[in-house]
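Engineer: Residue numbers (the working numbering), protein chains in the order written: chain A, 282 to 389; chain B, 13 to 53; chain C, 7 to 484.
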Amino acid sequence: MDLDSQEQLLQLSETHGRDDLVVVIGAPDPESAAVTAETIAKGDPSYAGALAGVQLGLEVRHVLDDEIRQEVPDDVWEAQIGVMADVLDGAALTEAVAKASQGDGASG
Amino acid sequence: MLKGKQVVALGERDGVSGPAIAACVEAAGGTVAFSATECFV
Amino acid sequence: MNAPVVVAATQVLAHVPGMVRHGSKPSRELPKDGDVERKFLASLRTFEAAVAYPPHQAYLSTLHPRALPERPWVGTAGGSASRFGGGGEVMPEEELLGLLAAVDEAGLVTLTPGLAERAAAALRTHPLGKHLALDRIERAVGDVGGAREARGSLALHVGAGPVEGAVRPADEVDQALTASVLLENLSSKATATLALLHLIHDHDLDPQSIDYVIGCGEEAIGDRYQRGGGNLAKAVAHSAGLSEASGMDIKNFCAAPIPALMVAASLVHSGVFKRVAVVAGGSLAKLGMKFQGHLRNDLPVLEDVLGGVAALVQADDGVSPILRLDSVGRHRVSAGGSAPQIMEALALEPLQRLGLTTTDVDDFATELHNPEITEPQGSGNVPERNYRTLAALASKRGDITREEIPEFVQTRGMPGFAPTQGHLASGLCYLPHALARLTSGEARRVMMIAKGSLFLGRMSQLSDGMSLLLERNQGRAQ
Chain A
282 MDLDSQEQLL QLSETHGRDD LVVVIGAPDP ESAAVTAETI AKGDPSYAGA
332 LAGVQLGLEV RHVLDDEIRQ EVPDDVWEAQ IGVMADVLDG AALTEAVAKA
382 SQGDGASG
Chain B
13 MLKGKQVVAL GERDGVSGPA IAACVEAAGG TVAFSATECF V
Chain C
7 MNAPVVVAAT QVLAHVPGMV RHGSKPSREL PKDGDVERKF LASLRTFEAA
57 VAYPPHQAYL STLHPRALPE RPWVGTAGGS ASRFGGGGEV MPEEELLGLL
107 AAVDEAGLVT LTPGLAERAA AALRTHPLGK HLALDRIERA VGDVGGAREA
157 RGSLALHVGA GPVEGAVRPA DEVDQALTAS VLLENLSSKA TATLALLHLI
207 HDHDLDPQSI DYVIGCGEEA IGDRYQRGGG NLAKAVAHSA GLSEASGMDI
257 KNFCAAPIPA LMVAASLVHS GVFKRVAVVA GGSLAKLGMK FQGHLRNDLP
307 VLEDVLGGVA ALVQADDGVS PILRLDSVGR HRVSAGGSAP QIMEALALEP
357 LQRLGLTTTD VDDFATELHN PEITEPQGSG NVPERNYRTL AALASKRGDI
407 TREEIPEFVQ TRGMPGFAPT QGHLASGLCY LPHALARLTS GEARRVMMIA
457 KGSLFLGRMS QLSDGMSLLL ERNQGRAQ
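#1: Any beta carbon from chain B within less than 9 Å of A:LEU332's own beta carbon?
#2: If you measure between the beta carbons of C:HIS21 and C:VAL311, is that distance less than 9 Å?
#3: Under 9 Å, Cβ to Cβ, is there at least one residue of chain B near A:ASP427?
#4: Distance cutoff 9 Å, beta carbons only. Does A:GLU376 sit that close to anything in chain B?
#5: Is the beta carbon of C:ALA262 sitting closer than 9 Å to the one on C:SER252?
#6: For C:MET295, which three-state DSSP category applies?
#7: Listed in chain order, which residues of the stretch 17 to 46 of chain B have Cβ atoms closer than 7 Å to some Cβ of chain C?
#8: Three-state secondary structure (DSSP) at C:CYS435?
#9: Using the beta-carbon of each residue, which ones in chain B are nearer than 9 Å to A:GLN264?
#10: Within this structure, are the beta carbons of A:LEU345 and A:LEU374 separated by less than 9 Å?
#11: Quick one: which chain B residues come within Cβ less than 7 Å of C:PHE461?
#12: Identify, in the order they occur along the chain, each residue of the same chain with its Cβ nearer than 6 Å to the Cβ of C:VAL57, setting aside the five sequence neighbours on each side.
#13: Does A:VAL368 get closer than 9 Å to chain C when you measure Cβ to Cβ?
#14: Which word fits C:ASP210, buried or exposed, when buried means at least 16 other C-beta atoms lie within 10 angstroms of its C-beta?
#15: Comparing alpha-carbon positions, which option in C:SER33, C:PRO412 and C:PRO98 lies nearest C:VAL187?
#16: Return the chain-ordered list of same chain residues with a C-beta closer than 6 Å to the C-beta of C:VAL367, the five sequence neighbours on each side being excluded.
#17: Taking CB distances under 9 Å as the criterion, tell me whether C:SER466 reaches chain A.
#18: Just checking my contact of C:GLY294 with C:GLU309 at CB under 8 Å: how many whole Å lie between their CB atoms?
#19: By Cβ distance below 7 Å, which residues in the same chain neighbour C:GLY247 in space, the five residues on each side in sequence not counted?
#20: Is the separation between the beta-carbon of C:GLY148 and that of C:LEU117 shorter than 9 Å?
#21: When the distance is taken between beta carbons, is C:GLY84 closer than 9 Å to C:SER67?
#22: By the 7 Å beta-carbon criterion, what residues does the stretch 304 to 317 of chain A contribute toward chain C?
#23: Residues of the stretch 357 to 385 of chain C in Cβ contact with chain A at a cutoff of 7 Å, in chain order, please.
#24: Note down, in chain order, each residue of its chain lying with its Cβ closer than 8 Å to the Cβ of C:LEU238, except the 5 sequence neighbours on either side.
#25: With DSSP as the reference, please indicate the residues paired to C:ILE220 in a beta bridge.
#26: Compute the beta-carbon to beta-carbon distance between B:GLY27 and A:LEU369, rounded to the nearest angstrom, for a pair I have assumed lies under 8 Å.
#27: Between the C-alpha atoms of A:GLU376 and A:MET282, what's the straight-line distance to the nearest angstrom?
#28: Count the CB pairs spanning the stretch 347 to 362 of chain C and the stretch 276 to 290 of chain C that are closer than 8 Å, and state whether there are at least three.
#29: Is any beta-carbon of chain B found at less than 9 Å from that of A:ASP325?
#30: How is C:GLY471 classed by DSSP in three states: helix, strand or coil?
#31: Taking beta-carbon pairs under 7 Å, can you tell me which members of the stretch 30 to 49 of chain C lie near chain A?
#32: Could you spell out where the beta strand (DSSP E) holding C:GLY422 opens and where it closes?
#33: Can you pull the chain B neighbours of C:THR426, defined as C-beta to C-beta under 7 Å?
#34: Between A:VAL357 and chain B, is the shortest Cβ-Cβ distance under 9 Å, so that the two count as touching?
#35: Would you report the Cα separation of C:LYS45 and B:ALA48, rounded to the nearest angstrom?
#36: What do you get for C:GLU350, buried or exposed, if any count of 16 or more other CB atoms within 10 angstroms of its CB means buried?
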């Protein structure tokens with residue numbers, strides 16, 4: 282994950298607290314989604330950024346997660362996501378994020 | 013999940029971008045605390 | 007009358023395994039871990055492997071991307087693959103280091119006597135050697151050890167071999183003139199010059215007939231007072247002997263080539279200039295960007311080539327493919343930044359405006375990044391995702407049925423074959439293929455689509471992009 286994003290996440294988790302903060306990611310591939318989710322949950326696996334060794338443990342979801350989909354009005358979903366819901370594999374992305382943030386994911 | 017929450021939108025250029033996630037979050041009643049898009053090519 | 011056409015396009019590669027360590031990612035990662043550095047150096051490709059690599063042959067246009075063999079491409083044996091294929095070439099590293107010295111007007115490069123001699127000898131027999139300032143290679147000979155001791159200098163190697171040269175900073179404290187920035191700029195200048203020389207001399211063009219050169223590479227040359235000052239294009243025009251040309255650069259992240267073609271076509275159409283060349287050199291910063299993924303998967307370091315491209319735009323000659331200025335697709339500020347919104351704005355809106363559908367376009371050329379490079383680092387298959395997005399929108403519009411989506415992707419799209427230097431991948435790399443398909447081939451229309459990640463500069467959250475149609479010239483037929 283981008284070093285600036287790591288810095289921002291760290292600061293926001295300090296200002297808002299874990300319960301108020303949710304991270305929604307838009308990665309196209311399960312592998313990159315897993316790395317992002319793992320960074321947010323367990324710290325930066327590349328030890329390059331502000332989240333190196335920091336277990337934020339924040340709630341993290343992929344934007345194509347069904348739970349997110351249900352909360353977004355149809356017209357907005359159609360305009361912003363539209364055919365990407367068909368192009369990307371939402372189920373695989375949701376699962377990759379869940380696994381990685383629960384401690385079972387790929388490391389890299 | 014999103015309503016009333018502070019949300020960080022971490023988009024990817026090749027998937028769903030930061031602004032697209034942010035628009036969904038706002039429409040769902042969340043507040044976008046930070047939004048970014050990454051590009052790996 | 008002045009319909010702008012593309013008469014010729016040429017692509018070159020320079021295989022620079024020794025320079026990959028100066029790519030942005032390796033330069034940050036290698037010094038941290040000796041084991042990683044050793045594995046990295048042991049995973050550099052040979053020149054023969056780089057020439058034989060099928061995507062490189064597709065880049066040189068010796069084969070169409072849709073004719074690429076099944077993957078894996080890595081490990082392909084040499085066979086009939088040639089260094090000088092299609093219209094350009096793959097230049098080996100020693101010659102490229104010589105070329106850096108030949109286009110270096112500021113005495114930035116120092117070479118060992120051995121390297122300088124080998125490079126000069128090779129370039130003297132190179133088909134374009136007589137057009138290069140080879141005397142500069144000899145003048146670059148110096149005490150490389152001493153040059154390496156200067157603060158802020160960078161070492162030049164051939165592959166994993168010993169130090170053979172050095173690049174010095176032009177100003178020790180100016181962040182825009184450090185050795186690494188200057189090596190990036192010089193690499194871009196050298197590869198753009200090589201492409202432009204091939205364009206001119208392989209097509210028997212008169213260098214004096216070119217009025218203007220537009221640069222669309224990724225480097226923004228300048229100094230501390232104007233970091234993106236620009237005009238590498240004119241420096242390239244000078245190096246290639248275009249004495250009557252002036253030039254300018256067009257910046258738009260990876261999308262720049264399509265705006266550059268649009269401006270070139272507009273200048274010709276309006277009669278401002280008769281002949282405009284569009285050029286771009288390779289991006290050193292992006293070399294080895296995904297090397298960690300490659301090493302993790304026991305692949306060689308695949309991002310080891312600098313690309314170069316040059317194309318010539320002029321008024322209608324009755325034969326060459328026409329750049330349709332009425333087809334320009336732009337991404338408006340209000341268009342929205344999601345992938346489908348961008349594709350809608352760039353691909354569908356212009357076609358609709360012209361009364362065409364997606365099936366009226368034979369080939370779509372967009373972001374043709376080689377997936378063998380991107381997938382091991384978890385970035386997926388970029389062109390395939392683009393084609394699926396486009397096909398899904400075409401189906402939604404009723405141009406094709408849902409069942410026809412895979413066929414659309416396969417026949418109107420193509421596998422990615424470009425080095426992961428966004429400006430090359432963004433449609434531009436397909437130009438020589440497009441010219442062939444629209445003249446001797448059977449295509450009627452090719453759409454080039456480029457996207458630029460404007461948001462990376464932190465001044466906006468927006469993306470940008472542009473598209474342009476190339477169409478078969480019906481002139482002589484009528």
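A virtual CB, placed ideally from N, CA and C, is assigned to each residue, including glycine.
Structural biologist: Taking the geometry as given:
#1: Along the first sequence, one-based indexing puts residue 332 of chain A at 51. For A:LEU332, the answer is no, since every Cβ of chain B falls outside 9 Å of its Cβ.
#2: Within the third sequence, numbered from 1, the residue matching residue 21 of chain C stands at position 15. Within the third sequence, numbered from 1, the residue matching residue 311 of chain C stands at position 305. Yes, Cβ-Cβ distance for C:HIS21 and C:VAL311 is below 9 Å.
#3: The structure shown does not extend to residue 427 of chain A, since chain A spans only 282 to 389, so no value can be given for it.
#4: Residue mapping note: residue 376 of chain A aligns to position 95 of the first sequence, counting from 1. With its beta carbon at least 9 Å from every one in chain B, A:GLU376 lies outside the interface.
#5: Numbered from 1 along the third sequence, position 256 holds the residue referred to as residue 262 of chain C. Numbered from 1 along the third sequence, position 246 holds the residue referred to as residue 252 of chain C. No, the Cβ-Cβ distance between C:ALA262 and C:SER252 is not below 9 Å.
#6: As a first step, residue 295 of chain C must be located in the third sequence, where it is residue number 289. In the structure shown, C:MET295 adopts coil according to DSSP, grouped into three states.
#7: The stretch 17 to 46 of chain B vs chain C, Cβ under 7 Å: ARG25, ASP26, VAL28, SER29, GLY30, PRO31 and ALA32.
#8: One-based indexing of the third sequence puts residue 435 of chain C at position 429. The answer is helix: DSSP assigns C:CYS435 an H, G or I state.
#9: In this structure chain A extends from 282 to 389, so residue 264 of chain A is not present and cannot be described.
#10: Numbered from 1 along the first sequence, position 64 holds the residue referred to as residue 345 of chain A. Numbered from 1 along the first sequence, position 93 holds the residue referred to as residue 374 of chain A. For A:LEU345 and A:LEU374, yes; Cβs fall inside 9 Å.
#11: Numbered from its first residue, the third sequence carries residue 461 of chain C at position 455. Chain B residues near C:PHE461: THR49.
#12: By 1-based counting over the third sequence, the position of residue 57 of chain C is 51. Cβ within range, chain order: ALA87, ARG89 and VAL96.
#13: Indexing the first sequence from 1 puts residue 368 of chain A at position 87. So, interface residue.
#14: Within the third sequence, residue 210 of chain C is the residue found at index 204, counting from 1. Classification of C:ASP210: exposed, given that the 10 Å Cβ count is below 16.
#15: Locating residue 187 of chain C in the third sequence gives position 181, where the first residue counts as 1. Ranking C:SER33, C:PRO412 and C:PRO98 by CA distance to the CA of C:VAL187 puts C:SER33 first.
#16: Locating residue 367 of chain C in the third sequence gives position 361, where the first residue counts as 1. Here the set comprises ARG451 and MET453.
#17: To locate residue 466 of chain C, count along the third sequence from 1; it is residue 460. With 9 Å as the cut-off, C:SER466 does not count as an interface residue toward chain A.
#18: Within the third sequence, the letter at position 288 stands for residue 294 of chain C. Within the third sequence, the letter at position 303 stands for residue 309 of chain C. That belief holds up - the Cβ atoms of C:GLY294 and C:GLU309 are roughly 5 Å apart, short of 8 Å.
#19: Reading the third sequence from its first residue, position 241 is the one you call residue 247 of chain C. Only HIS137 and PRO213 meet the Cβ criterion.
#20: Looking up residue 148 of chain C in the third sequence gives position 142. Looking up residue 117 of chain C in the third sequence gives position 111. Yes, the pair counts as a contact, with Cβ atoms nearer than the cut-off.
#21: For the purposes of this step, residue 67 of chain C is taken as residue 61 along the third sequence, with counting starting at 1. For the purposes of this step, residue 84 of chain C is taken as residue 78 along the third sequence, with counting starting at 1. Contact: no.
#22: Answer set for the stretch 304 to 317 of chain A: PRO309, ASP310, GLU312, SER313 and VAL316.
#23: If you check each beta-carbon in the stretch 357 to 385 of chain C against every beta-carbon of chain A, the ones closer than 7 Å belong to GLY384 and SER385.
#24: Taking the third sequence and counting its residues from 1, the one referred to as residue 238 of chain C is at position 232. The beta carbon of C:LEU238 lies closer than 8 Å to those of ASN191, SER194, LYS195, ALA198, GLY221, GLY223, GLU225, ILE227, ASP255 and GLY287 in the same chain, with the five residues before and after it left out.
#25: As a working mapping, residue 220 of chain C is identified with position 214 in the third sequence. Within the DSSP secondary-structure output, C:ILE220 pairs in a beta bridge with C:MET254 and C:VAL284.
#26: The count along the second sequence starts at 1 and reaches residue 27 of chain B at position 15. The count along the first sequence starts at 1 and reaches residue 369 of chain A at position 88. The beta carbons of B:GLY27 and A:LEU369 sit about 6 Å from each other, so the pair counts as a contact at 8 Å.
#27: Within the first sequence, numbered from 1, the residue matching residue 376 of chain A stands at position 95. Within the first sequence, numbered from 1, the residue matching residue 282 of chain A stands at position 1. Computed Cα separation, rounded: 19 Å.
#28: No, the stretch 347 to 362 of chain C does not touch the stretch 276 to 290 of chain C.
#29: On the first sequence, residue 325 of chain A is found 44 positions in, with the first residue counted as 1. Judged by the 9 Å Cβ criterion, A:ASP325 is not in contact with chain B.
#30: For the purposes of this step, residue 471 of chain C is taken as the residue at position 465 of the third sequence. C:GLY471: strand per DSSP, three-state reduction.
#31: Within the stretch 30 to 49 of chain C, no residue qualifies.
#32: Working through the third sequence from its first residue, we reach residue 422 of chain C at position 416. No beta strand (DSSP E) contains C:GLY422, which DSSP labels as neither H nor E.
#33: Taking the third sequence and counting its residues from 1, the one referred to as residue 426 of chain C is at position 420. By Cβ distance, chain B contributes VAL53.
#34: As a first step, residue 357 of chain A is located in the first sequence; it is residue number 76 there, counting from the start. Using a CB distance cut-off of 9 Å, A:VAL357 counts as an interface residue toward chain B.
#35: For the purposes of this step, residue 45 of chain C is taken as the residue at position 39 of the third sequence. For the purposes of this step, residue 48 of chain B is taken as the residue at position 36 of the second sequence. The straight-line gap from Cα to Cα measures roughly 33 Å.
#36: Position 344 of the third sequence, counted from the start, is the residue given in the question as residue 350 of chain C. Buried, because 16 or more other Cβ atoms sit within 10 Å of the Cβ of C:GLU350.
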